[in-house]
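Presented below is the structure to which this report refers.
Here you go:
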């Protein structure tokens with residue numbers, strides 16, 4: 001069923017349609033919240049609150065708009081509000097290894113260890129990024145969205161988004177450099 | 001070009017979005033600047049890592065809670081439905097009037113003057129009640145003192161007409 005039809009059915013009170021909407025979007029929203037906050041507990045709370053807001057706001061949805069972008073904008077607003085309210089950047093993130101996926105490509109064990117190490121550092125480096133930059137990086141580099149889509153979700157001009165993504169990547173690369181230098185005793 | 005300017009172009013270079021002129025400038029700089037070259041390698045590693053980032057699986061419990069959202073909201077609405085029952089409307093209206101009057105009193109700019117006036121009226125009321133009590137006591141006492149005389153007078157007069165039979 002198309003998303004617009006599912007939304008219309010939800011508005012009629014069809015619980016089956018609501019379950020379809022949850023099935024289609026909950027993993028994406030949970031991943032976004034998890035990558036943003038860094039802890040499962042926070043991510044579960046945030047996901048629940050975002051879906052509660054979604055249920056309350058469904059009647060305001062403009063059917064001329066793209067539902068995915070609309071929902072992600074709603075999620076983005078909630079995540080950034082919560083970030084400002086609770087100062088997430090001061091909190092520690094979950095251990096990266098705990099939830100990492102296994103490598104799917106054939107690589108040597110040494111390379112696999114190196115990749116895991118880099119991922120771990122990048123994961124921890126997220127706490128060095130501001131909320132807006134962090135979210136832009138998640139949407140663009142982790143979720144693989146186009147710059148135009150990120151700009152629509154973040155309600156910012158394309159140039160600003162490109163500049164934020166670049167700044168975020170550079171910041172993360174510098175964090176990696178510092179950590180490597182520390183480990184090498186420089 | 002300076003390192004700072006190159007830094008701003010590295011992402012676009014990585015994504016092959018630069019003009020031929022800028023691309024050449026970045027490549028020339030990376031060949032001659034070890035720091036920027038290291039930073040570029042790390043930038044590439046970072047982007048590769050991000051592209052393969054783990055997708056955490058959500059718990060079954062969370063999925064159930066998300067499914068339940070419309071049901072919980074309806075249950076909450078039903079639990080508040082009793083407030084709009086017609087039978088409660090007179091009480092609701094009375095409570096509204098009471099609250100309105102209370103709010104006039106509580107937020108009146110001369111609330112202290114009103115308080116004083118109410119206190120005075122209450123004290124005067126107490127005084128009047130006390131006076132009534134004392135008058136009633138005096139009356140009861142004098143009635144007790146004259147009880148015998150009154151009973152004698154009643155017997156002599158025979159108000160119920162027994163003498164006239």
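Chains as they are written, first to last, in our numbering: chain A, 1 to 186; chain B, 1 to 165.
Using N, Cα and C, we set each Cβ at its ideal position, and we do this for glycine too.
Query	Result
Buried or exposed by the 16-neighbour rule on C-beta atoms within 10 Å, applied to residue 110 of chain B	exposed
Listed by chain order, chain A residues near residue 65 of chain B by CB distance under 8 Å	48
Length of the line joining the Cα atoms of residue 156 of chain A and residue 63 of chain B	32 Å
Straight-line gap, residue 168 of chain A to residue 96 of chain B (C-alpha atoms, nearest Å)	56 Å
C-beta neighbour in chain A for residue 45 of chain B, strict 8 Å	yes
Chain A residues whose Cβ lies nearer than 8 Å to that of residue 124 of chain B	Under the 8 Å cutoff, chain A gives no residues; its nearest Cβ is about 56 Å from residue 124 of chain B.
Nonlocal neighbours in the same chain, by C-beta distance under 7 Å from residue 74 of chain A, ignoring five residues either side	50, 53, 54 and 57
Beta-carbon proximity check, residue 40 of chain A vs residue 111 of chain A, cutoff 8 Å	no
Buried versus exposed call for residue 76 of chain A [16 or more other C-beta atoms within 10 Å across all chains shown]	buried
First through last residue of the alpha helix (DSSP H) which encompasses residue 156 of chain A	Taken as a continuous stretch (DSSP letters only), residue 156 of chain A belongs to no alpha helix (DSSP H), as it is neither H nor E.
Buried or exposed by the 16-neighbour rule on C-beta atoms within 10 Å, applied to residue 91 of chain B	exposed
Residues of the stretch 15-39 of chain A whose Cβ lies closer than 8 Å to any Cβ of chain B, in chain order	15, 18, 19, 22, 26, 27, 30, 31, 34 and 35
Coil, strand or helix - residue 108 of chain B by DSSP	coil
Short Cβ contact (8 Å threshold) for residue 70 of chain B with residue 70 of chain A	no
Reference residue 179 of chain A; option with closest CA among B:87, B:42 and B:129	B:42
Proximity test, Cβ basis, 8 Å: residue 101 of chain A and chain B	Summary for residue 101 of chain A: the model assigns pLDDT 47, below 50, so the residue's position carries little reliability; its value from the coordinates is reported in the next sentence. Taking Cβ atoms only, chain B reaches closer than 8 Å to residue 101 of chain A, which makes this a yes.
Own chain, CB closer than 6 Å to residue 29 of chain A, minus 5 neighbours either side, in chain order	47, 50 and 75
Closest by C-alpha distance to residue 23 of chain A, when choosing among B:149, B:65, B:21 and B:23	B:65
Exposure label - residue 101 of chain A; buried when at least 16 CB within 10 Å	Because residue 101 of chain A carries a pLDDT of 47, less than 50, the predicted location of this residue cannot be relied on, and the following value inherits that uncertainty. Exposed, since its Cβ has fewer than 16 Cβ neighbours within 10 Å.
Residue-chain proximity (residue 141 of chain A, chain B), Cβ-Cβ < 8 Å	yes
Buried/exposed call for residue 10 of chain B, threshold 16 Cβ in 10 Å	buried
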